[in-house]
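Undergrad: Handing you this structure, nothing more for now.
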Amino acid sequence: PLGMVPRTDESPLPREALHPNLIVSDLVYNPFKTRLLLDAEAAGARVHPGIGMLVHQGALAFELWTGERAPIPVMYQVARSKVVHLKEPERGALPPLSPRDAVGEVAGR
Numbered sequence: 001p002l003g004m005v006p007r008t009d010e011s012p013l014p015r016e017a018l019h020p021n022l023i024v025s026d027l028v029y030n031p032f033k034t035r036l037l038l039d040a041e042a043a044g045a046r047v048h049p050g051i052g053m054l055v056h057q058g059a060l061a062f063e064l065w066t067g068e069r070a071p072i073p074v075m076y077q078v079a080r081s082k083v084v085h086l087k088e089p090e091r092g093a094l095p096p097l098s099p100r101d102a103v104g105e106v107a108g109r
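Residue numbers (the working numbering): 1 to 109.
Here you go:
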């Protein structure tokens, strides 16, 4: 798929189409930031990588199957640690999940 290995340098949008008033989301989670997200970020847009979709999709499935609340902060940590091992070197590591973020996720914020 576009944005994933081996097509990591391709984007569905030209750089000229990106600007600071956009919010750009990508469903691809490896690499953490695709060419689309890197270009959008460089243009000043807010970006949302695909790892959030991956984790929350898994969380919903977990809750449907178990009837229990999904441990979303733990799921983020595991997903981030696995994607770091899959990442392309030039893309950089994922930012760590701060304790404040983890508490916010548990509280549903």
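Heads up, the beta-carbon is just placed ideally off N, CA and C, and yes, glycines get one too.
1) I believe residue 36 touches residue 24 by the beta-carbon criterion, under 8 Å. Please report the beta-carbon distance rounded to the nearest angstrom.
2) Taking the beta strand (DSSP E) that residue 24 falls in, what are its first and last residues?
3) In this structure, how does DSSP classify residue 15 when only helix, strand and coil are distinguished?
4) So what does residue 48 bridge to, in DSSP terms?
5) Skipping 5 residues on each side, what residues in its chain have a beta carbon closer than 6 Å to that of residue 63?
6) Using only CA atoms, which one of 59, 32 and 21 lies nearest to residue 46?
7) Excluding the five sequence neighbours on either side, which residues of its own chain have a C-beta within less than 6 Å of the C-beta of residue 13, listed in chain order?
8) Measuring CB to CB, does residue 74 end up less than 9 Å from residue 32?
TA: The answer reads as follows:
1) Here the question's residue 36 lines up with position 36 in the sequence shown. Here the question's residue 24 lines up with position 24 in the sequence shown. Confirmed, Cβ separation roughly 7 Å.
2) Position 24 of the sequence shown, counted from the first residue, corresponds to residue 24. Segment 23-25, the beta strand (DSSP E) holding residue 24.
3) Position 15 of the sequence shown, counting from 1, holds the residue named residue 15. Helix, per DSSP.
4) Translated into the one-based positions of the sequence shown, residue 48 becomes position 48. Partner(s): 25.
5) Within the sequence shown, the letter at position 63 stands for residue 63. Correct list, in chain order: 70.
6) For this step, residue 46 is matched to residue 46 along the sequence shown. Comparing Cα positions, the closest option is 21.
7) Working through the sequence shown from its first residue, we reach residue 13 at position 13. Taken in chain order, the list of residues that qualify is empty.
8) Position 74 of the sequence shown, counted from the start, is the residue given in the question as residue 74. Position 32 of the sequence shown, counted from the start, is the residue given in the question as residue 32. Going by C-beta atoms, residue 74 is not nearer than 9 Å to residue 32.
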